[in-house]
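Take a look at the structure set out below.
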Amino acid sequence: MMMLASIAALVLAQVATPVPQGDAPSAAVFTGIPPTELARFEARRDSLNAGIKAESLKQWHLLLAKEPHVAGTEGGAREVERIRKGFESVGLKPEVAEFWPLLCTPVSASLEIVEPQHLALELSERPLKEDQDSAGQGFGWNAYSASGEVTAGVVYANFGTKADYQRLASMNIDTRGKIILARYGGNFRGYKAKFAEEAGAAGLIIFTDPADSGYGKGLTYPEGGYANDCCIQRGSIMTTPYSGDPLTPGTFAAEDAVRLRVEDVALPKIPVQPVSYAAAREIMSRMTGQAVPEGWQGGLPFAYRIEGGDALKVRMNVQQTREVKKAANVLARIEGREFADQFVIVGCHHDAWNCGAADPTAGTISVMECAKVFAARAAAGDRPLRTIIFATWDAEEFGIIGSSEWVEANRDALIAGGVAYINLDMAAMGLNFGASASPTLRSVIALAAGDVPQPGATGQSVLEAWRAQSPNAGAAWHGAFGDLGGGSDHVAFLCHAGMASCGLSAGGSKGNSYHSAYDTLPWYWKTVGTDYESSLMVTRITAAIVNRLAYATLLPLDATEVGADIRKHVGAMSASANGMVAASWASEMIAGLMEHATALTADADLAMRALQASLEAGSLSAEVQRQINAQLLSLDRAWMDESGLPGRPWFKNLYAAPDEDSGYASWILPGLHKAIADKDASLLAQQIVRIESAIAKTRASLRSLAAIAGMASTPASGPARGNP
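Note that the working numbering numbers the sequence shown so that position 331 is 331, with each residue one more than the last.
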């Protein structure tokens, strides 16, 4: 075997063009596709695009958003059956994968002002003659609320974040025994409940503020698309330190699974009720306490106050049941003809709080349409190299349950062969494309976006439009990407199985019906449009990504973004670390981590260019391809640690995780974030060691890739095999 230095010299001599940093990926970006197969790849792309139809997307939408389908209900079971038949209609053989999680059912709810005068408040939306689907949706509720009745005074806590409660404490506001009013936004609603409970509150009311998604944004429904005065946001408030069924952490929720006792799980212990801004107005207009701090004023037409005063009393009564129920994911697969044990997964949940025309079905229909066009290709004899799985998940709205249970049941296979997970939750809501992604997937997403025209912009690709409207992109496409946090079905794939993952979306429409009775087809058609241009764009980009991941000779997982990503996030955290411990010690540790990240970038640049050069040389045997693909899969797995994150062992990815206090935001290098948040110098040192170990594993894989590619580029390597 050649020495590594000689291989590096050979590769650098073969490749003169650096990885680009301009508007769009060029041929120098690692694509995984040999030049001899490019024409076939492009023909398939064009065929897929031609097969994706606006009318077909509309028909999927009519089918899947026709009635309320909350997980665990009869409507939810009918949705499962509709999806099963939908997959069958395009020639696939679906699997209905049942599981048994702890779910909730609302029984009753009431909210009333009892002093100084009595006034019962409305807890459901009014039906609209313009939207027949808005009728019969029931009262608003938060899943996993405790059952109970409370009569107490009130305290306004802004968004109910940890910082907001710290501010209340600094003002000597007593929240003990009070009913807290908090507006939606700023964090996951479950943390509003958690922090209220920790503050000693007796109950929590969460309201939609008109400044955030109502008339402060624009015209309200049905005249416009924004939340009207009776719009209520439903949603789960579960905040366990793991995703999935609350009673079976880390194991599949089979019907006969060994379960934790409900009383031993950290579910909310206070009643929680979501309300509209009409209901909130009645309470808040009667408050007489001191004025709110700067930044806490919302959009209701009076001065917001912190406390209600002694005269104001509110009674809330929330009753729910918690019980284990059957739910079901529905999946369909196209088996890979070469690597059946490698998986490209496209998914979106299918459960909704009501009809769910936007959330999630604006993404579910893209999953179904992708399944249709790839099934047609396979039926015509063009099967993918790798297995494609089209997945629709149940009980996402209760706590990302269905996808997490499926990952737990299939974790070993996913760690061994999971190529990528593409999430499409609520994906088509406008014409402004966006993506949050693992660094290894960013170039393939950018290439795919460059293959799709931007709707309404002649001669412009989605990539060009996306970069132009992204404030962090600058002159390059790299800064347009976001980082994956929490809140949807990518979490288990990324954080529990270590798979490269992404969430695709398109926004920009002027409206918000989130989790309300107005998340209906009439609302969607009025607000997003009837032309399905948004869905066409998202579906075509998704198909282009799958085309590259499932058919390319070499997996187009590109490590050139990882080192720069680490440097960016470590740099952002370094000031906090220096303020926490001795500046010289912290600076030395951070500088060492930065050096490792810089070295990783150099190794990645060399390896990726070497791989592309070997493809262009046409010198890869079947065995060499297998070796290279195995090493490429290992790039994301290098960040897996079975001991998990501090305090959250279910989360096993040292690279990315949701943050601990909002549930939605991303923590890149979450161990560092945790150490800095806790001001724990010992933990900081431990986490830096773990990160450096993961970087070392990644660099070892990259050096192996460069070596294999260099060896394969020699004349003795044997014939190439083209196989997209």
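For glycine and all other residues, C-beta sits at the position ideal for the given N, C-alpha and C.
Within a 10 Å sphere around the beta-carbon of V689 sit fewer than 16 other beta-carbons, which makes this residue exposed.
Secondary-structure assignment with DSSP links W667 through a beta bridge to A657. The beta-carbon distance between G72 and A327, rounded to whole angstroms, is 6 Å. This is short enough to meet the 8 Å contact definition. Collapsing the DSSP output to three states places V444 in a helix. DSSP, read as helix, strand or coil, puts S682 in helix. Residue pairing for W393: DSSP places it in a beta bridge opposite H349. If you ignore the 5 residues before and after E198, its C-beta comes within less than 8 Å of the C-beta of Y165, all in its own chain and listed in chain order.
For the segment 120-173, the full-length beta strand (DSSP E) segments reaching 3 residues or more read 148-152 and 154-156 along the chain.
Cβ neighbours of V107 within its own chain (closer than 7 Å, five residues either side excluded): Q319, Q320 and T321. Ranked by Cα distance from G356, the options S134, M640 and M589 are led by S134. Beta-carbon to beta-carbon, P658 and G485 are separated by about 5 Å, close enough to satisfy the 8 Å threshold. Taking the Cα positions, E397 is about 8 Å away from V70.
When the Cα atoms are used, L669 and I566 turn out to be separated by approximately 8 Å.
Contact between the segment 537-548 and the segment 48-64 is established, with three or more Cβ pairs separated by less than 8 Å. With respect to P274, G140 sits close: the two C-beta atoms are nearer than 7 Å. Here Y551 carries a helix assignment [DSSP, helix/strand/coil]. Going by beta carbons, S145 and G244 fall outside the 7 Å limit. Contact between the segment 86-101 and the segment 200-220 is absent: fewer than 3 CB-CB pairs across the two stretches fall below 8 Å. Exposed is the label assigned to R176, since fewer than 16 other Cβ atoms lie within 10 Å of its Cβ. Every alpha helix (DSSP H) of 4 residues or more that sits fully in the segment 383-440 is shown, in chain order, as 396-399, 401-409 and 411-417. Uninterrupted alpha helix (DSSP H) stretches at least 4 residues long and entirely within the segment 205-256 occur at 210-213, given in chain order. Beta-bridge partners of G503 (DSSP): N423 and S436. Cβ contact annotation for S574 (same chain, cutoff 6 Å, sequence separation greater than five): I590, in chain order.
For R305, the three-state secondary structure derived from DSSP is strand. Judged by their CB atoms, S576 and I691 are not nearer to each other than the 7 Å cut-off.
Residue burial is scored here from C-beta neighbours: F302 has fewer than 16 other C-beta atoms within 10 angstroms and is therefore classed as exposed. Around the beta carbon of S89, fewer than 16 other beta carbons lie within 10 angstroms, which makes this residue exposed.
Taking a 10 Å sphere around the C-beta of N142, we find 16 or more other C-beta atoms and assign the residue as buried. Going by DSSP, C370 is part of the alpha helix (DSSP H) stretching over T361 to A379. Counting only unbroken stretches of 4 or more residues, the alpha helix (DSSP H) elements lying wholly within the segment 272-342 are 277-284, in sequence order. Minimum Cα-Cα distance from G498 among the listed residues E561, W523, D412 and P34 corresponds to D412. Residue environment: H118 is assigned as exposed (fewer than 16 neighbouring CB atoms within 10 Å of its CB, all protein chains considered). Residue pairing by DSSP leaves C355 without any beta bridge partner. Annotation: L632 to I708 spans about 12 Å, alpha carbon to alpha carbon.
Under the 8 Å Cβ criterion, the segment 633-641 does not count as touching the segment 52-62, having fewer than three qualifying pairs. If you look at I179, you'll find it in the beta strand (DSSP E) that goes I179 to R183.
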